[in-house]
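Residue numbering for the sequence shown follows this note's numbering, starting at 130 and increasing by one per position.
In what follows, a structure is listed as structure tokens, so that the remarks can point back to it.
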Amino acid sequence: MKKHFTLAALTAAMLSSTAIAQSSDEPDYSSWLGISGMHYRASGEHTSNGTSFNNGRAITLEYGYRFTQSWAARAEFSSMDLDYIRDLGSEDGEMTGVDLMYFLPEDKYYLFGGVRRQAVGDSTTLLDLGLGKHWRPNEYVTIITELATYRDLDFDFTDVGVKVGLAMPFGKKSANTTTSATAYDTDNDGVIDRLDQCPMTAAGEAVDSVGCAVMADDDNDGVSNDMDNCPSSPSDVKVDDKGCTVFGNETVNITLRVLFDNESSVVKQPRDPEIVEFAEFMAQYEDTTAVVEGHTSAPGSATYNLKLSEERAEAFKAVLVDMYGIDAVRIDTVGYGETQLLDTGNTADAHMVNRRISVTVEQTVKVPEMK
Numbered sequence: 130m131k132k133h134f135t136l137a138a139l140t141a142a143m144l145s146s147t148a149i150a151q152s153s154d155e156p157d158y159s160s161w162l163g164i165s166g167m168h169y170r171a172s173g174e175h176t177s178n179g180t181s182f183n184n185g186r187a188i189t190l191e192y193g194y195r196f197t198q199s200w201a202a203r204a205e206f207s208s209m210d211l212d213y214i215r216d217l218g219s220e221d222g223e224m225t226g227v228d229l230m231y232f233l234p235e236d237k238y239y240l241f242g243g244v245r246r247q248a249v250g251d252s253t254t255l256l257d258l259g260l261g262k263h264w265r266p267n268e269y270v271t272i273i274t275e276l277a278t279y280r281d282l283d284f285d286f287t288d289v290g291v292k293v294g295l296a297m298p299f300g301k302k303s304a305n306t307t308t309s310a311t312a313y314d315t316d317n318d319g320v321i322d323r324l325d326q327c328p329m330t331a332a333g334e335a336v337d338s339v340g341c342a343v344m345a346d347d348d349n350d351g352v353s354n355d356m357d358n359c360p361s362s363p364s365d366v367k368v369d370d371k372g373c374t375v376f377g378n379e380t381v382n383i384t385l386r387v388l389f390d391n392e393s394s395v396v397k398q399p400r401d402p403e404i405v406e407f408a409e410f411m412a413q414y415e416d417t418t419a420v421v422e423g424h425t426s427a428p429g430s431a432t433y434n435l436k437l438s439e440e441r442a443e444a445f446k447a448v449l450v451d452m453y454g455i456d457a458v459r460i461d462t463v464g465y466g467e468t469q470l471l472d473t474g475n476t477a478d479a480h481m482v483n484r485r486i487s488v489t490v491e492q493t494v495k496v497p498e499m500k
């Protein structure tokens with residue numbers, strides 16, 4: 130009588146606790162009906178008629194009801210077959226009971242505990258405690274997996290059971306039900322738990338597609354203000370993870386050619402736009418250096434032409450230094466005379482293009498990488 134009273138009291142307490150725990154959170158299904166196979170491992174202290182049980186098997190039927198997203202209760206009936214030790218045969222029987230179940234967020238796992246009445250040989254009352262998971266390959270089928278311990282209240286032994294089975298969920302479906310998993314949204318941010326990388330977002334806070342708070346990004350560079358070390362980056366350039374412009378190397382250069390009159394080393398138009406541009410390039414890139422190369426046409430002696438080409442190079446250097454303020458130490462000169470003719474013809478036009486200085490300056494600079 131006392132045993133039956135204990136069973137009834139525990140059952141009533143569990144159902145009362147479940148009712149109290151009920152909230153406005155709704156699961157995506159209200160009930161399930163399942164069938165499972167169980168491997169039952171009996172301890173050496175679990176006996177019947179003085180003989181210890183060993184391993185056993187059970188077929189289990191269960192009906193469960195989810196009161197809320199987190200809480201459920203179920204009733205089970207198991208048809209059992211336990212083997213005696215040393216091949217002394219087996220004993221058939223049954224086990225019935227109820228459990229209170231708590232589902233963790235996203236239904237990753239559930240904890241359960243309850244009471245059982247087992248009648249295999251001797252009858253006994255058990256308390257059970259376990260961990261399980263409802264796998265949801267789709268909305269029509271649930272795969273049940275569980276590990277449970279059973280503590281006897283009458284004969285002081287502890288058994289273990291491992292259960293695998295199938296269940297059919299039915300009842301109310303919420304609008305967020307998906308075919309791959311129960312679609313809960315614990316923090317009510319509009320992103321279901323299985324996709325929510327920030328599952329405890331404050332109520333009312335704007336979130337992105339993965340459920341994390343949306344931070345302001347004033348310069349629209351993709352880095353939120355709280356992480357942006359360069360809050361005014363141009364919108365058309367690439368930035369790093371700190372919001373600062375990403376730079377790449379690029380070689381820039383400028384080439385200039387200045388022509389001279391016959392047998393002259395005078396720079397005729399020192400304010401020519403091309404000369405101005407060249408001087409500005411050297412002023413902008415202060416690490417650059419230049420070699421001014423002087424040349425002549427073919428007529429005249431080689432010695433005279435070499436000297437004249439050197440004078441032309443020096444004359445152009447003087448323009449850069451005196452008129453544009455370029456440091457003289459950055460400029461070297463060299464004369465090539467008539468040895469590097471651009472046009473070998475013996476015409477006035479050929480002689481004109483050969484009377485020249487030429488200079489090239491290049492610099493490797495860092496430039497923003499564009500999107």
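Ideal Cβ positions, reconstructed from N, Cα and C, are used throughout, including at glycine.
Residues bridged to residue i (per DSSP)
i, result
"Pro-497", "Phe-376"
"Thr-271", "Ala-296"
"Gly-290", "Tyr-169, Ala-277"
"Ser-487", "Arg-386, Glu-422"
"Gly-454", "BP columns for Gly-454 are empty, so no partner."
"Arg-203", "Gly-193, Asp-228"
"Tyr-239", "Phe-232, Gly-261"
"Asp-365", "DSSP lists no partner for Asp-365."
"Gln-247", "Met-224, Thr-253"
"Met-209", "Ala-187, Gly-222"
"Ala-342", "Val-336"
"Gln-492", "Val-381"
"Phe-176", "The sequence shown places Thr at residue 176, rather than the Phe named in the question. According to DSSP, which records beta bridges pairwise, Thr-176 is partnered with Ser-181."
"Gly-163", "Glu-191, Ala-296"
Among the options, the one whose alpha carbon lies nearest that of residue i
i, options, result
"Thr-180", "Gly-222, Asp-216, Met-411", "Asp-216"
"Gly-242", "Tyr-213, Arg-203, Thr-271", "Arg-203"
"Ser-199", "Asn-184, Leu-190, Lys-262", "Lys-262"
"Thr-189", "Ala-342, Glu-379, Arg-323, Tyr-169", "Tyr-169"
"Thr-493", "Gln-413, Ser-219, Gly-340", "Gln-413"
"Lys-500", "Gly-351, Glu-275, Ile-164, Gln-398", "Gly-351"
"Gly-466", "Ser-160, Thr-432, Thr-271, Met-356", "Thr-432"
"Asn-178", "Pro-360, Met-209, Tyr-213", "Tyr-213"
"Ala-187", "Pro-497, Leu-388, Val-291, Ala-419", "Val-291"
"Asp-472", "Asp-390, Asp-346, Thr-425", "Thr-425"
"Ile-460", "Ala-444, Leu-470, Gln-469", "Ala-444"
"Gly-429", "Ser-438, Glu-422, Val-421", "Ser-438"
"Ser-532", "Gln-247, Phe-284, Thr-176, Asp-314", "With the chain running from 130 to 500 in the structure shown, residue 532 is simply not present."
"Asn-279", "Glu-235, His-175, Ala-335", "The amino acid at residue 279 is misidentified as Asn; the sequence shows Tyr. Of Glu-235, His-175, Ala-335, the residue nearest in Cα terms is His-175."
"Pro-298", "Pro-234, Ala-201, Thr-468, Val-396", "Ala-201"
Alpha-carbon spacing of residue i relative to residue j, whole angstroms
i, j, result
"Phe-407", "Asn-382", "10 Å"
"Asp-251", "Leu-324", "50 Å"
"Asn-317", "Ala-332", "7 Å"
"Lys-362", "Met-344", "Going by the sequence as given, residue 362 is Ser instead of Lys. Roughly 17 Å separates the two Cα atoms."
"Asn-483", "Met-411", "25 Å"
"Thr-330", "Gly-319", "11 Å"
"Val-387", "Lys-371", "48 Å"
"Met-356", "Lys-367", "16 Å"
"Pro-497", "Pro-360", "16 Å"
"Ser-159", "Ile-273", "16 Å"
"Ile-573", "Asp-337", "Any answer about residue 573 is impossible in this case: the structure gives the chain only from 130 up to 500."
"Ile-404", "Ser-394", "16 Å"
"Val-420", "Asn-391", "23 Å"
"Val-450", "Ile-486", "16 Å"
"Met-130", "Ser-172", "For Met-130, the predicted structure reports a pLDDT of 40, less than 50, and the residue's modelled location is therefore unreliable. A value from the coordinates is still provided. Rounded to the nearest angstrom, the two C-alpha atoms are 26 Å apart."
"Tyr-231", "Met-224", "22 Å"
"His-480", "Ala-427", "7 Å"
Cβ shell of residue i (< 6 Å), same chain only, five flanking positions each side left out
i, result
"Leu-282", "Thr-254"
"Glu-275", "Gly-259, Gly-261, Lys-292"
"Asp-221", "Asp-210"
"Ala-296", "Trp-161, Gly-163, Thr-271, Ile-273"
"Ala-310", "For Ala-310, the predicted structure reports a pLDDT of 45, less than 50, and the residue's modelled location is therefore unreliable. The matter cannot be settled from this model."
"Pro-399", "Val-448, Met-452"
is_contact[residue i, chain C] using C-beta, thresh 8 Å
i, result
"Tyr-465", "This model lacks chain C altogether; it includes just one protein chain."
Cut-off 8 Å between Cβ atoms - residues of its own chain near residue i, not counting five sequence neighbours on either side
i, result
"Lys-495", "Phe-376, Gly-377, Asn-378, Glu-379"
"Thr-308", "At Thr-308, the pLDDT of 42 sits below 50, so the modelled position is not reliable; the number obtained from the coordinates is stated separately. The residues are Asn-267, Glu-268."
"Gln-326", "Val-339, Gly-340, Cys-341"
Residue i beta carbon near the ligand FAD (any heavy atom closer than 7 Å)
i, result
"Val-343", "The ligand FAD is not among the ligands present in this structure, which contains no ligands whatsoever."
Nonlocal neighbours in the same chain, by C-beta distance under 7 Å from residue i, ignoring five residues either side
i, result
"Leu-435", "Gly-464, Gly-466"
"Asn-349", "Ser-364"
"Asn-358", "Lys-371, Gly-372, Cys-373"
"Glu-422", "Ala-442, Val-463, Tyr-465, Ile-486, Ser-487, Val-488"
Q.
Give the list of continuous alpha helix (DSSP H) stretches no shorter than 4 residues that lie fully inside the segment 430-482.
A. 431-453
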